[in-house]
Every structure is written in C-alpha cells, then in structure tokens.
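Our numbering runs 408 ahead of the 1-based position in the sequence shown. These notes concern the structure reproduced below.
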Amino acid sequence: MMKKEKITVVSSCNDAFAEHVSALFVSVLENAEQPTENFDFYVIDDEITIANKRLMRETIKGYDASLHFMTIDKKYFADAVESDRIPETAYYRIAIPELFRDKGLERILYLDCDMIALTDISELWEVDLSGYILAAVEDAGFHHRLEKMAVACDSTKYFNSGFMLINMEKWLSENVTKRVLRYIHDNPEKLKFHDQDALNAILHDQWLQLHPKWNAQSYIMKREVEHPDPEGEKEYFQTRRDPKIIHYSGHIKPWSKECTSSLKKYYEEYEELTAFSEDNEEEKTSTNTVSTRKLG
Numbered sequence: 409m410m411k412k413e414k415i416t417v418v419s420s421c422n423d424a425f426a427e428h429v430s431a432l433f434v435s436v437l438e439n440a441e442q443p444t445e446n447f448d449f450y451v452i453d454d455e456i457t458i459a460n461k462r463l464m465r466e467t468i469k470g471y472d473a474s475l476h477f478m479t480i481d482k483k484y485f486a487d488a489v490e491s492d493r494i495p496e497t498a499y500y501r502i503a504i505p506e507l508f509r510d511k512g513l514e515r516i517l518y519l520d521c522d523m524i525a526l527t528d529i530s531e532l533w534e535v536d537l538s539g540y541i542l543a544a545v546e547d548a549g550f551h552h553r554l555e556k557m558a559v560a561c562d563s564t565k566y567f568n569s570g571f572m573l574i575n576m577e578k579w580l581s582e583n584v585t586k587r588v589l590r591y592i593h594d595n596p597e598k599l600k601f602h603d604q605d606a607l608n609a610i611l612h613d614q615w616l617q618l619h620p621k622w623n624a625q626s627y628i629m630k631r632e633v634e635h636p637d638p639e640g641e642k643e644y645f646q647t648r649r650d651p652k653i654i655h656y657s658g659h660i661k662p663w664s665k666e667c668t669s670s671l672k673k674y675y676e677e678y679e680e681l682t683a684f685s686e687d688n689e690e691e692k693t694s695t696n697t698v699s700t701r702k703l704g
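Okay, structure coming up:
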C-alpha cells in the first residue's frame with residue numbers, strides 16, 4: 409500500500425472568518441487529484457466559538473483530512489502595529505513555524521483565509537526550496553517597497569505574505585521568527601504593511617519567487633495594476649487565464665454585499681460546500697417559519 413503524503417496547510421483566523429477559511433479548506437480538498445494525498449489543516453485560533461469549530465470540523469468530515477486548532481502566546485505581539493484591516497491575527501504567521509518545531513515537517517504552506525484554491529496544491533511539495541527560507545509570489549503593485557523602507561539590499565522584489573511555502577528546517581535554524589519580531593520592535597515607523605514589511609526586510613534575499621498564478625491577487629485578476637517589466641506583465645496575463653489560487657486581496661471580500669466582481673463565483677462555489685452554508689440555510693428556513701407564524 410502506498411504511503412499517504414501529508415500536505416500541511418496553516419491559516420489563522422478569528423471567529424468572523426471561520427466560514428471563509430472553511431471555504432478555502434474545501435477548495436483545497438475538492439481539487440486534490442491523487443487518492444494517496446491527505447491533508448492536515450491547522451488553524452491558529454483567535455477566539456473561534458465552539459459552534460463555529462463544530463461547523464469547521466463538519467465541513468471536512470467527508471474528506472481524507474484532519475483539522476487542528478492551535479493558539480499563540482499574544483505576548484509576542486505586544487509591539488505589533490494594528491489597523492482596522494490588519495488584526496493581530498495577521499501577525500501570527502510570523503510565529504507559526506515555531507509551533508511546529510518538534511513535528512518533523514519539511515515544509516508547511518501558509519495561506520490567508522481570503523483565498524480559494526483552484527488546483528491541486530500538492531504540486532507545491534515538488535518545489536525545490538534548497539537554499540531558500542520560503543517560496544512566495546511578488547506583491548502586485550509594490551515593486552519598490554523595499555527602497556521606500558530604506559532596506560539596504562540589491563533586490564527590488566517584495567513578496568505578498570498571504571501565501572508562504574515555508575522551508576521549516578531553514579526558517580527554524582536561522583531564527584526567522586525572532587529576527588522578524590525584533591525588526592517590528594525596532595522599526596515600527598516603517599511598517600505600513602505590518603508583518604509583510606518586516607518579513608520582506610529580513611528575507612529580501614532568501615525567498616524563491618513563484619509564478620503569480622499561485623497567489624492571484626485581486627489587483628492582478630481585475631487588471632488594476634501593471635507590472636513594470638514586460639515578462640512580469642506576461643505572467644499577469646497567464647495568471648488571469650489560469651489562476652491556481654485566487655487571493656481576494658483588498659478591502660472588498662467576495663462574501664461582502666459590495667462585491668460585484670466576477671471573481672466572487674469561485675468563493676461561492678466552495679462556500680456552498682461548507683457546513684456553514686447548510687447552517688445558514690437552516691437558519692433562514694427557521695426565520696421564515698417564525699415570520700409566517702407571526703403573520704398568521
């Protein structure tokens with residue numbers, strides 16, 4: 409019997425995003441091509457209710473997958489800069505590898521919870537990470553961010569931290585978490601984009617650039633940005649034709665009433681397969697029944 413390969417996916421969310429990260433997990437599972445794959449999902453838990461945890465577990469029950477909840481000591485983030493858009497949970501990804509220090513994992517895939525997979529992500533386990541701390545995708549529209557941050561380096565590449573394929577051995581051996589947290593503590597005035605700025609400042613020459621298909625940010629998909637290089641613009645075109653992971657970056661999310669983008673359909677397709685969708689329908693039915701009785 410062929411040994412099943414563990415694909416480890418990690419996200420962080422609070423209670424408001426429990427439904428949306430569940431849609432992400434379903435999209436990953438529905439697009440798995442090989443029956444020999446199985447998935448370990450880990451959620452960095454920021455006060456998710458028992459009821460929502462039950463729905464999250466119910467969502468993946470029929471798949472070859474497991475779901476685990478983990479917590480991070482918030483004292484690490486006492487100096488973190490927060491905003492309405494970027495909650496404290498966004499910083500959790502900095503410390504995530506430390507939670508897996510003794511689990512013997514070669515790599516983990518961190519995904520933001522506002523993403524939807526459209527392909528088999530096990531392909532990422534074939535990426536050669538030798539010599540790199542992580543693999544990521546360039547952030548659309550921020551091609552000179554390191555220069556603006558006055559980071560002394562030769563690179564102009566700046567990655568989006570919503571997708572990180574992490575080389576566990578190298579991250580841990582080089583104390584990346586500690587170094588990034590120290591940068592946050594020492595340079596709060598530079599952190600316009602929070603942990604992403606700090607990660608790029610520390611890892612500017614130690615990350616492998618992947619095709620933007622793997623982190624197809626809304627700005628790319630909706631043609632809101634152009635790449636300064638012809639080759640980069642060609643990759644944007646390829647991404648719009650065949651995205652592998654959609655990232656609903658920006659203020660308006662696909663579950664928002666304000667969202668009118670055609671990209672919304674990808675989220676809705678997989679959200680309908682979650683236990684949250686069933687629960688919402690039951691709630692609507694119950695409400696309608698009560699309303700009918702009141703009218704009677």
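All residues carry an ideal CB built from backbone N, CA and C; glycine is no exception.
Cβ of residue i within 8 angstroms of Cβ of residue j?
i       : j       : result
Asp-520 : Asn-439 : no
Asn-608 : Ile-653 : no
Leu-507 : Ile-468 : no
Pro-662 : Met-629 : no
Ile-452 : Trp-533 : no
Ala-426 : Phe-447 : no
Ala-548 : Val-429 : no
Phe-571 : Val-535 : no
Leu-618 : Arg-509 : no
Tyr-500 : His-476 : no
Leu-463 : Phe-684 : yes
Val-588 : Ile-516 : no
Leu-542 : Leu-513 : no
Ile-705 : Thr-585 : The question about residue 705 has no answer, for the chain in this structure spans 409 to 704.
Counting along the chain, where does the beta strand (DSSP E) carrying residue i start and finish?
i       : result
His-476 : 473–478
Trp-615 : 615–617
Leu-517 : 515–519
His-593 : Note, His-593: premise wrong, no beta strand (DSSP E); alpha helix (DSSP H) at 584–594.
Ile-524 : 523–525
Could you spell out where the alpha helix (DSSP H) holding residue i opens and where it closes?
i       : result
Leu-580 : 576–581
Tyr-540 : Here Tyr-540 belongs to no alpha helix (DSSP H), and DSSP marks it neither H nor E.
Phe-645 : 638–649
Asn-439 : Element bounds for Asn-439: n/a, residue is neither H nor E.
His-602 : 602–611
Tyr-459 : The sequence given here places Ala at residue 459; Tyr does not occur at that position. Unbroken alpha helix (DSSP H) run through Ala-459: 458–468.
Ile-653 : Where Ile-653 is concerned, there is no enclosing alpha helix (DSSP H), although the beta strand (DSSP E) it sits in stretches over 653–655.
Glu-679 : 672–679
Arg-501 : 500–507
Pro-626 : In the sequence as displayed, the identity of residue 626 is Ser instead of Pro. It spans 626–629 - the alpha helix (DSSP H) in which Ser-626 sits, taken as one unbroken run.
For the putative contact between residue i and residue j, defined by C-beta atoms under 8 angstroms, what is the C-beta separation to the nearest angstrom?
i       : j       : result
Leu-537 : Asn-583 : In fact, because the Cβ distance is near 18 angstroms, the residues do not count as touching under 8 angstroms.
Asp-605 : Leu-611 : No, Asp-605 and Leu-611 are not in contact; Cβ-Cβ is about 11 angstroms, not under 8 angstroms.
Tyr-678 : Ser-435 : 4 angstroms
Ala-431 : Tyr-675 : 6 angstroms
His-602 : Ser-626 : Contact doesn't hold; Cβ gap of about 18 angstroms is too wide.
Tyr-540 : Gln-614 : 6 angstroms
Ser-530 : Gln-442 : 7 angstroms
Thr-647 : Lys-621 : 5 angstroms
Discussion item. Taking contact to mean 3 or more Cβ pairs, one atom from each stretch, closer than 8 angstroms, check whether the stretch 662–679 and the stretch 445–461 are in contact.
Written reply: No contact exists between the stretch 662–679 and the stretch 445–461.
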